[in-house]
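All remarks here apply to the structure that follows.
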Amino acid sequence: MTTETTNGTLPSEAPRPILRAGYQGQPGSFGARAAARCGRPLPYATFGDLVEALRRGDVDAALLPAVESVTGPVLEPLAALAAALADPGAPGLRVTAELSVPIRLVFAVPHGLPAADVEEVLSQAPVLRQCHLLLDRLGARPVETADTAAAAAEVARLGGARAAVCSEEAALAHGLVPLEEDVSDARPNATRFWRVERTERTEATDGAPPPAGGGFPRVLHYRGERIPELLSGTGAELLRVAPGVGFAVVSPKALQAVARELKAAPEETATWLGPRPETATPPRRPALPKATAVREPSVVSVGRFAVGGGKRALIAGPCAVESEEQVMRLAHAVARAGATALRGGVFKPRTSPYAFQGHGLVALRWMKAAGDAVGLPIVTEVMAPAQVEKVAELADVLQIGARNCQNYDLLREAGRAGRAVLLKRGFGTTVEEWLSSAEYLMDAGCADVMLCERGIRTFENSTRGTLDLCGLLAARSLTHLPILADPSHAAGRRDLVVPLSRAAWGAGADGLIVEVHDTPESASCDGPQALLPEDLEALCDDLGLVPRTADSVERVRGAIDVTDREIGRLVTRRLELCRMVAEAKSAAGVPIRDAAREALVKERFARTPGLDEAAAARLADSLIALGLAAEGWREEGEEPAAGCRAS
Ligand code: PEP
Ligand code: MN
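Numbering-wise (the numbering used here), the sequence shown opens with residue 3 and increments by one.
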């Protein structure tokens, strides 16, 4: 609890010391970027100096580039780390995080030097190893420097027929002209940096966010010829430094296999730089081990419906199943729009006991037939433990409504039913309590739990509830379970459902559940918040969902029209950006066309999933031609309208 001092001000908290993060190189290098993500960057001239500073305690962490996406293990820093670990008198070291830093290298020259005249290219050794294509093309000699920023400084100082490969930031800081961007042999290029700390620094990760993906990296240091052989079939990533010396990065999947193999190896030949495999990664909330376990995102799948881990879903349908015809009609409408599951209540929780309570199990049979007719799984609410078994016979997903979010008997019963469960958040339930309810479901045996934020009670009374995207995102960082949003019950008003859906989708909700009705004025429940089928179609087009209809040309053409408008907008934006590049390049006196950049654009489109090679090439060619025209470029022999180049 916070206490107030007598003068009414809050006592100041003791300042938390800033982590001193050492790196090899100088400001402007990629190591400096990695270090800045952990604390205050402190430069060291060599990897040996950096590791020594860590051992002495001059820095709290050393950022070592360990694996490069083009060339693999980065030998120099790994060798420095291995040397430090080989010293028996030295303090223990551990790897506490792995950070992926995007590497975009530019080829930069002093003003006025044409690429063809470059004789020497300066950069750090591991970087030069990533740029063979560039060096071969130029026929230039590689010259090693301490780091990429030093290369830019040297080229600026010495001049002559020298160029640097470095970050654009370093090139511009030293007054060089970046002639080509992103010149690594493979793109996108990234380096995985290890944050290495001393083992006795118990508060090393204080205040630092958990590494992306959760958990800590499991790194093993090995010495001995046999270890790589033993680990070769385990799925561990081996980083060889010298014969019989190296490291292994062990994913959670490979952990048990690695631990088994190591039993056959002498103890001193393998050291874990961090927790041993027996130390399981603790859940984010110890009291909720299943719901907050650190693991890859859960995917809930029912037939073609899938949500979580990048798969996104839209559940749509009426609030209540009113008749056999109504649910069949609406099933066709939601499938036509592009929804991936059909919702509908057959047991309705109503504030008034005199209001429509739902048609019960007979309506479930109507809904099942409707779902089957359009190939969509069905989602329906269970309100009491006694309903669960019967409903689970036909429903694909059991919904636990907001009012029952903390009905623990119901949660246990639903969790045992062998069906996926959609758990709405109660309107007075905290994120922690909501996750506790999910824990009940999981503890009862249900692995396929989906969470759903549906609006909480606040002081605001212009809407039915307040869609709590803060809570949804806070839950996102605590649980691996898919999280959906229900803008219909949050807003209680049709006019807000589409914009709220877009907000939740944009915020990264794994899916949405929305209410739809074709005659909302006469709906027996929640008519004012129901979208019309045409609103749902527009929403699906907006979100990029594919209409689920084989026979309506009109519907599919509607989706194409929306896609075309989006393409038009994107092409306009691309041309605007091309013009900006052209202006910057012509100011720097750089040639009009850039074959390397055009090749890169083509390569990018060639990698578009679902586009065949010829189509990708035609698309890239058209965009390049449009870009050149926008920049005022003319065919040879014609005067360029402005000094510019392909973008
Ligand atoms: C519903 O989905 O129809 C419903 C009653 O929702 P909630 O439990 O979120 O109010
Ligand atoms: Mn409703």
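In this text, a Cβ means the ideal position worked out from N, Cα and C, and glycines have one as well.
What does the alpha-carbon distance come out to for the pair residue i and residue j?
i	j	result
alanine 508	alanine 487	Residue identity differs from the one stated: residue 508 is glycine in this sequence, not alanine. Roughly 11 angstroms between the two C-alpha positions.
arginine 58	valine 198	13 angstroms
arginine 550	arginine 338	5 angstroms
threonine 204	alanine 64	Confidence at threonine 204 is low in this model, with a pLDDT of 46, below 50, so its placement is unreliable and the value that follows should be read with caution. Roughly 16 angstroms separates the two Cα atoms.
alanine 388	glutamate 280	42 angstroms
glycine 570	glycine 310	31 angstroms
alanine 397	glutamate 536	26 angstroms
arginine 18	isoleucine 380	52 angstroms
valine 108	aspartate 470	43 angstroms
proline 268	valine 247	15 angstroms
alanine 449	leucine 222	32 angstroms
arginine 22	serine 300	36 angstroms
alanine 631	glycine 24	48 angstroms
serine 490	leucine 534	12 angstroms
glycine 494	arginine 466	5 angstroms
phenylalanine 358	glutamate 324	10 angstroms
proline 144	valine 72	17 angstroms
alanine 505	valine 516	14 angstroms
glycine 629	cysteine 580	6 angstroms
leucine 443	proline 291	12 angstroms
leucine 83	proline 277	18 angstroms
arginine 620	isoleucine 626	10 angstroms
alanine 81	threonine 48	12 angstroms
glycine 237	glycine 513	33 angstroms
alanine 210	isoleucine 485	Unreliable placement is indicated for alanine 210, whose pLDDT of 41 sits below 50; the coordinate value is still reported in the next sentence. Near 25 angstroms, if we compare the C-alpha coordinates of isoleucine 485 and alanine 210.
leucine 502	alanine 525	22 angstroms
serine 588	tryptophan 274	54 angstroms
glutamate 54	phenylalanine 249	19 angstroms
valine 376	alanine 293	33 angstroms
leucine 541	alanine 99	40 angstroms
Which residue wins for smallest C-alpha separation from residue i, given the options the options?
i	options	result
leucine 95	Ala552, Asn191, Ala118 and Arg220	Arg220
glycine 546	Leu316, Ala492 and Leu136	Leu316
glycine 177	Val185, Ala165, Phe49 and Asp184	Ala165
glycine 226	Arg189, Ala188, Ala266 and Arg200	Ala266
alanine 148	Ser354, Ser125 and Gly591	Ser125
alanine 676	Cys168, Val103, Val72 and Leu425	With the chain covering 3 to 649 only, the question about residue 676 has no answer from this structure.
glutamate 391	Val53, Glu415 and Arg405	Glu415
arginine 421	Gly612, Glu383, Gln28 and Phe32	Glu383
leucine 130	Ala289, Ser186 and Glu231	Ser186
threonine 565	Val548, Arg575 and Ser554	Val548
glycine 457	Pro484, Val451, Tyr410 and Arg405	Arg405
alanine 372	His361, Leu332, Phe349 and Gly430	Leu332
glycine 473	Ala318, Thr610 and Phe429	Phe429
leucine 66	Pro79, Gly362 and Leu56	Pro79
Starting from the C-beta of residue i, find all residues in its chain whose C-beta is less than 7 angstroms away, skip the five residues before and the five after it, and write them out in chain order.
i	result
alanine 295	Pro285 and His482
isoleucine 20	Gly41 and Arg42
tyrosine 410	Tyr442
Going by beta carbon distance, what residues of the same chain come within less than 6 angstroms of residue i, once the five residues before and after it are set aside?
i	result
arginine 418	Ala446 and Gly447
alanine 117	Leu181
alanine 622	Val603, Lys604 and Phe607
glycine 215	For glycine 215, the predicted structure reports a pLDDT of 43, less than 50, and the residue's modelled location is therefore unreliable. The matter cannot be settled from this model.
threonine 342	Phe307, Ala315 and Leu316
leucine 264	Ala272
alanine 598	Glu182
leucine 577	Ala632
glutamate 539	Ala339
valine 302	Val309, Gly310, Ala422, Asp450, Met452 and Pro484
Please indicate yes or no: does the CB of residue i lie closer than 6 angstroms to some heavy atom of the ligand MN?
i	result
aspartate 528	yes
cysteine 454	no
If you measure from the CB of residue i, is any heavy atom of the ligand PEP nearer than 6 angstroms?
i	result
leucine 319	Contrary to the premise, residue 319 reads as glycine rather than leucine in this sequence. Glycine 319 Cβ: outside cutoff for every heavy atom of the ligand PEP.
glycine 467	no
alanine 403	The question names alanine, yet the displayed sequence has glycine at residue 403. Yes, the ligand PEP has a heavy atom inside 6 angstroms of this Cβ.
histidine 651	This structure cannot speak to residue 651, because the chain is shown only from 3 to 649.
lysine 370	no
glycine 41	no
Counting only the same chain and skipping the five closest in sequence on each side, list residues whose C-beta sits under 8 angstroms from that of residue i.
i	result
valine 69	Pro75, Val76, Thr193, Arg194, Glu239, Leu241 and Val251
* Pick out the complete alpha helix (DSSP H) segments inside the segment 392 to 477, 4 residues or longer, and give them in chain order. => Complete alpha helix (DSSP H) runs here, min 4: 410 to 417 and 433 to 445.
* Could you tell me which uninterrupted beta strand (DSSP E) segments, each at least 3 residues in length, are contained entirely in the segment 277 to 354, listed from first to last along the chain? => Taking 3 residues as the shortest admissible run, the segment 277 to 354 contains the following complete beta strand (DSSP E) segments, listed from N- to C-terminal end: 302 to 304, 307 to 309, 315 to 319 and 343 to 345.
* To do: Identify every run of the beta strand (DSSP E) within the segment 59 to 144, keeping only runs that are complete inside it and at least 3 residues long; order them along the chain.
  => Annotation note: the segment 59 to 144 contains the following uninterrupted beta strand (DSSP E) runs of length 3 or greater, listed N- to C-terminal: 63 to 70, 95 to 105, 108 to 111 and 122 to 126.
* Asked: At what residue ranges does the segment 491 to 538 contain a whole run of the alpha helix (DSSP H), taking only runs of 4 or more?
  -> Positions of the alpha helix (DSSP H) runs, each at least 4 residues long and wholly inside the segment 491 to 538, are given as 496 to 508 in order along the chain.
* **Unbroken stretches of the alpha helix (DSSP H), 4 residues or longer, contained in the segment 220 to 265** => Within the segment 220 to 265, the complete alpha helix (DSSP H) segments of 4 residues or longer fall at 228 to 233 and 257 to 264, listed in chain order.
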